[in-house]
């Protein structure tokens, strides 16, 4: 069990391959070892959190820090509480410049579970090369470590807009500036989102009452490129069961819309509640 005293101090977090874990010890190599020894200059006796990318975190006391290897003793294991109960997949159109990097970093911090990149009709940006995809995955890892996540979000693509729409199942929404009838709050509430769901699965204000299993556990969000979706794309998506929604009176940038939409959905689901103390 992770001690309460250390849980509320700042400990650096590192995702590692699960095969680096051995009984009550862990051996860390590569980028993570360099970060620990050369960048952070941690030493024997310091404590860190290592994560297996399967939802568990391990409090670790450093035993040995060398040039290319770090060895530590595992002092506690627990399920990470940083993963949301609502699984949000963000379908994001390619953006110019560093727009995708901003989306990946910030949306990972708030709790998006997966990203799928697609080419929209008004996309100007070209599909990324392998090196850029590698950089984007590193951004996902660093953002997940910093924000207390238990898993690194997945990153897929690049696929066509048609392919993206056809793979969706369950609740899916498309923020669109041309939508004048249904706002995001109305759509989420009609899908069963008016509750504040605690991590235990109980409905806030109703102790012991478990949330109804009919409530959605997954949400897909579609965000267009800088020029937005075409009318044809909106109608095609509507035909695939994706609901256009309004985000209100203001027009958001393409790199902002996904962050705001995901944050609103996670808040409505109860993912912004106070964190209970560990015992």
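Residue numbers (my numbering): 397 to 675.
Backbone N, C-alpha and C define an ideal beta-carbon position, used for all residues, glycine too.
Values in this document were obtained by computation on a predicted structure and should not be read as measured data.
Residue pairing by DSSP places residue 444 opposite 456 in a beta bridge. Inclusion of residue 651 and residue 516 in the CB contact set at 8 angstroms is not warranted, their separation being larger than that value.
Exposure of residue 426 is indicated by the presence of fewer than 16 other C-beta atoms within 10 angstroms of its C-beta. In this structure, the CA atom of residue 422 is about 11 angstroms from the CA atom of residue 460. Beta bridge pairing from DSSP links residue 418 with 421.
Between the region 488 to 498 and the region 517 to 536, the count of Cβ pairs shorter than 8 angstroms is three or higher; the stretches touch.
The C-beta distance from residue 447 to residue 409 rounds to 6 angstroms, short enough to fall under 8 angstroms.
Taking the CA atoms as reference points, residue 589 sits about 43 angstroms from residue 435. The continuous alpha helix (DSSP H) containing residue 656 extends over residues 650 to 665.
Straight through space, the alpha carbons of residue 478 and residue 462 are spaced by roughly 31 angstroms. In this structure, the beta-carbon distance from residue 440 to residue 458 falls below 8 angstroms.
Exposed is the label assigned to residue 668, since fewer than 16 other Cβ atoms lie within 10 Å of its Cβ. By the CB criterion at 8 angstroms, residue 511 and residue 549 fall inside the cutoff. Every unbroken stretch of the beta strand (DSSP E) spanning 3 or more residues and falling wholly within the region 481 to 527 is given here in chain order: 483 to 489, 510 to 515. Boundaries of the beta strand (DSSP E) harbouring residue 411: 409 to 411, taken from the DSSP string.
Taking a cut-off of 8 angstroms on C-beta distances, the region 578 to 587 touches the region 637 to 657, as three or more cross pairs fall below it. Counting of Cβ neighbours within 10 angstroms places residue 443 among the buried residues, the total reaching 16 or more. Under the three-pair Cβ rule at 8 angstroms, the region 616 to 627 does not count as touching the region 535 to 555. Between residue 638 and residue 561, the C-beta spacing is below 8 angstroms.
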